[in-house]
Amino acid sequence: MRPYDVETLPDIYDNVTEYSIRYLILETPKRNIWVTPEMLEKWDVTKEDARQAAAENGDRLLAETELVVQEGSQGAIGYFDLEDETLNAALLFAPSFGERVGERFGWPLYAVMPTSWRFCVFSTEDYETLEDNIRDFVENFYDDSRCVTPELLQIGPGGIRAVDVLVDVYGDDEDDEDE
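58 is the number of the first residue of the sequence shown in the working numbering; add one for each residue after it.
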């Protein structure tokens with residue numbers, strides 16, 4: 058996932074929410090590269106073939122990755138212990154995500170991903186008690202150079218959808234008063 062920015066869109070992408078897109082990458086030892094139509098043509102695969110391979114890779118990565126759960130008085134928060142934290146979003150789109158993570162947090166569940174390396178999941182039932190902490194988490198990290206989305210995401214059988222925007226992205230906070 059990455060922020061929706063018309064100036065830096067990959068050639069192949071899908072909208073996820075108003076603020077974010079998902080795209081295909083080729084993971085290399087030095088960096089991750091956007092998959093292009095030219096690459097697909099050279100590999101003799103379709104976009105759907107590439108998306109299917111990405112889903113399989115996401116499932117494999119999810120199966121290999123520890124889900125860390127921190128219990129607190131306000132509820133539990135989970136995150137993945139990944140060596141390359143920029144792959145957190147790949148786990149969100151893994152077909153087995155609901156089975157693996159929903160087992161602990163319910164289904165559907167909530168998640169936030171203010172940056173590609175900051176991500177957490179939690180129960181929809183715990184959100185009311187966690188809300189201030191979750192908003193602070195998103196606010197503290199969303200302005201990072203690797204921002205993804207300021208939204209509260211619901212992940213469930215129908216996919217990913219935005220439930221709320223947790224950070225005033227455009228600086229037009231209605232609570233500000235003229236002095």
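Every residue, glycine too, gets a C-beta built ideally from N, C-alpha and C.
Check, Outcome
"Label residue 120 either buried or exposed according to how many other C-beta atoms from any shown protein chain fall within 10 Å of its C-beta, with 16 as the threshold for buried.", "exposed"
"Counting pairs of Cβ atoms below 8 Å between the stretch 158-171 and the stretch 201-218, do you hit three or more?", "yes"
"Between the Cα of residue 177 and those of 80, 136, 67 and 71, spot the shortest distance and give me the residue it belongs to.", "136"
"Mind checking who residue 198 pairs with in its DSSP beta bridge?", "Residue 198 pairs with nothing; no bridge assigned."
"Find the nearest neighbour of residue 220 within the set 83, 61, 76 and 101, judged by alpha-carbon distance.", "76"
"Verify whether the separation of the beta carbon atoms of residue 132 and residue 186 is less than 8 Å.", "yes"
"Taking the continuous alpha helix (DSSP H) assigned at residue 176, which residues delimit it?", "Counting along the chain, residue 176 falls outside any alpha helix (DSSP H), though it belongs to the beta strand (DSSP E) covering 175-180."
"Anyone know if the C-beta pair for residue 90 and residue 80 falls short of 8 Å?", "no"
"For residue 83, does the count of other Cβ atoms within 10 angstroms reach 16, so buried, or fall short, so exposed?", "exposed"
"May I ask you to check if the CB of residue 101 is nearer than 7 Å to at least one heavy atom of the ligand FAD?", "This structure lacks the ligand FAD; in fact it carries no ligand of any kind."
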